[in-house]
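Reading through the structure tokens given below for one structure.
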Amino acid sequence: MNESATPRLLVTLCTYNEKENLEQLIPEIHHHLPYAAILVIDDNSPDGTGDYVKSLKKTDSRIHSIHRSGKLGLGTATIAGFQYAIENHYDLVLNLDADFSHPPRFMPDLVAATEQADVAIGSRYVPGGKIEGWGPKRYFMSGAINWYARLLLRLKSRDCSGSFRCYRVPKLAEIDFKLLRAKGYAFQEEILYRCRRVGCTFQEVPFTFEERRYGSSKINMKEAFSALWVMFVLGIDNLQGKRVKVLPAESAK
Ligand SMILES: Nc1nc2c(ncn2[C@@H]2O[C@H](COP(=O)(O)OP(=O)(O)O[C@H]3O[C@H](CO)[C@@H](O)[C@H](O)[C@@H]3O)[C@@H](O)[C@H]2O)c(=O)[nH]1
1 MNESATPRLL VTLCTYNEKE NLEQLIPEIH HHLPYAAILV IDDNSPDGTG
51 DYVKSLKKTD SRIHSIHRSG KLGLGTATIA GFQYAIENHY DLVLNLDADF
101 SHPPRFMPDL VAATEQADVA IGSRYVPGGK IEGWGPKRYF MSGAINWYAR
151 LLLRLKSRDC SGSFRCYRVP KLAEIDFKLL RAKGYAFQEE ILYRCRRVGC
201 TFQEVPFTFE ERRYGSSKIN MKEAFSALWV MFVLGIDNLQ GKRVKVLPAE
251 SAK
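Residue numbers (the UniProt record's numbering): 1 to 253.
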């Protein structure tokens, strides 16, 4: 990345039924990062999110979109965004949920952190980070998933399961995406694991996670169990030291 110039930044939003959120979210992203391009990866949302984005593109040259045929999973949608960033030579790609759980006001902090590290992780679990609007069950589930991911994949980050992150694109380009096993929600943990394997450095940046404004979460029991299984298989891979030698750099804190 050219350190002195403004980086070429792509903000990615994976969407499935997020039209109501996008109507407010896109102007907020423009407000906080006016120089960033925005890529929406929509999976033929029944609520018309895809058509809404197509209409925005007619008058806003900063907006781009990928329209897939049906709900193909959060992991593969995020990879489609990464591939777009690589093919179009962006310096940074910043992903956030399209429902305001990752408030756009924290995006500049993530971008700034990539001056010190290859991956800036929006974190609910470092000092200064917090969660608003969760009951005890969701706290427990998130804590358990993070404990499980850290144990099996030997990840050092406190927050391994959120998708609010900014990556240096040239480092992402070193990852062989064909190796990825997670199609859905375990993607967040697996991509950290793959980043570590190509020698990425990491920095956690505190933010306040807020409950989504409109609509509902798309996770279900099948997706949750599939995520646990994928991490278990990756943990076995890790133990066996398969595929690529693990490089030592884990944290640039
Ligand atoms: N294109 C596409 N987008 C999807 C899909 N599934 C979910 N999304 C989008 O991905 C974002 C997150 O999905 P949610 O369903 O709202 O996630 P959540 O349950 O609130 O999960 C949160 O925690 C997870 C684990 O901690 C995180 O992985 C996730 O990013 C989010 O922070 C939303 O913008 C949603 O529209 C899909 O199959 N395809």
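Backbone N, C-alpha and C fix where the C-beta goes; we use that ideal spot for every residue, glycine too.
In terms of Cα proximity to LEU25, the closest of TRP134, SER101, ASN220 is SER101. In this structure, LYS71 has its CB closer than 6 Å to one or more heavy atoms of ligand 1. Rounded to the nearest whole angstrom, the C-alpha separation of ASN17 and ASP51 is 11 Å. Shown here for ASN44: same chain residues with a beta carbon closer than 8 Å to its own, the five before and five after excluded, namely GLY50, HIS67, ARG68, SER69, GLY70, LYS71 in chain order. The beta carbon of ARG105 is closer than 7 Å to those of HIS32 in its chain, skipping five residues each way along the sequence.
Straight through space, the alpha carbons of THR114 and CYS200 are spaced by roughly 11 Å. Apart from the 5 residues on each side of it in sequence, ASN88 sits with its Cβ closer than 8 Å to the Cβ of LEU10 in its chain, given in chain order. When distances are taken from the beta-carbon of GLU23 to the heavy atoms of ligand 1, even the shortest one reaches 6 Å or more. The DSSP assignment places complete alpha helix (DSSP H) segments of no fewer than 4 residues inside the segment 49-117 at 49-57, 74-87, 107-113, in order along the chain. The beta carbon of LEU96 sits closer than 6 Å to the beta carbons of HIS102, PHE164 from its chain, once the five residues preceding and following it are set aside; these are given in chain order. Non-local beta-carbon contacts of LEU22 in its own chain, meaning distances under 8 Å to residues more than five positions away in sequence, involve LEU13, THR15, VAL40, THR49, TYR52, VAL53, ALA98 in chain order.
By the neighbour-count definition (other C-beta atoms within 10 Å, threshold 16), ASN220 is an exposed residue. In terms of side-chain proximity, the C-beta atom of GLY129 is found no nearer than 6 Å to any non-hydrogen atom of ligand 1. Between ligand 1 and the CB of GLY133, the shortest heavy atom gap is not smaller than 6 Å.
Where ASP47 is concerned, there is no enclosing alpha helix (DSSP H), because DSSP gives it neither an H nor an E. The beta carbon of GLY162 sits closer than 6 Å to at least one heavy atom of ligand 1.
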